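Quick note on this note's numbering: the sequence shown kicks off at 30 and runs consecutively.
Glycine included, C-beta positions come from ideal geometry on N, C-alpha and C.
Please read these numbers as outputs of a predicted model, since none were measured by experiment.
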Amino acid sequence: MDHVSITIMKGRLFVVAGRSGSGKTTLLNCIGTLEKPETGRISCAGIDITHLSRRAAAKFRRKQTGFVFQSANLVSYLTVRENIALPLELNAWSNDARNRRVDALLDTVCLRGMGAAMPQELSGGETQRVAFARAIAHQPAILLADEPTASLDSATGRQLIQLMQALVRESACTLIAATHDPDLIAAASETLYLKDGRKVGQL
């Protein structure tokens with residue numbers, strides 16, 4: 030990344046657009062404390078995360094961020110319900126609170142009745158819905174999604190985009206998505222365009 034300066038408001042669907050290699054994933058990784066910038070400063074949810082220690086960065090990720098990857102990365106030997114509950118267990122939610130939250134999320138992503146299903150039994154769209162449910166389970170301030178619609182057909186991708194918009198409205202989280210999907214770009218509150226690690230436009 031080179032001289033990229035942005036401010037992302039709370040409760041927005043913010044898209045980072047550009048071709049492969051433009052720096053989209055690097056920017057998301059820096060915001061999510063998976064990578065550290067060599068220079069500059071990043072502040073998220075009122076916290077300066079630029080030079081956090083490894084332990085502090087892990088705590089920030091666990092408490093403040095949720096991640097959705099192109100491949101979903103569901104745990105193959107856990108059920109849908111168990112996958113969604115993972116961040117709640119990491120944040121020490123009680124069994125009752127965890128069960129209530131998972132039930133509500135299954136309703137939110139329209140997968141009620143599929144809690145006992147295994148990841149390999151799901152369609153691509155269902156898999157990404159579970160990934161989003163898991164990412165927002167612990168009510169993070171920031172949700173980071175890297176090419177969330179890339180592996181989906183157009184119709185399923187548009188359904189997922191509608192879900193993303195609903196999640197932002199209902200949870201008031203900030204969703205930052207890296208993509209080159211024109212449908213997702215069109216749905217964004219704001220779009221940052223990158224090329225070769227540089228900001229070339231913002232709408």
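The closest CA to that of residue 142, considering only 58, 198, 178, 110, is found on 110. With a 10 Å radius around the Cβ and a threshold of 16 neighbouring Cβ atoms, residue 51 comes out buried. Residue 93 places its beta carbon less than 7 Å from that of residue 170. Of all alpha-carbon atoms in 157, 203, 207, the one lying nearest the alpha-carbon of residue 39 is that of 203.
In the same chain as residue 199, and ignoring 5 residues on each side of it, the C-beta atoms closer than 8 Å to its own belong to 137, in chain order. Distance from the CA atom of residue 55 to the CA atom of residue 61, rounded to whole angstroms, is 10 Å.
Two segments are said to touch when three or more pairs of C-beta atoms, one from each, lie closer than 8 Å; by this definition the stretch 204 to 219 touches the stretch 169 to 184. Within the stretch 140 to 221, the complete beta strand (DSSP E) segments at least 3 residues long are 171 to 175, 203 to 208, listed from N- to C-terminus.
Residue nearest to residue 185 within the set 161, 155, 35, 119 is 155 (criterion: CA-CA distance).
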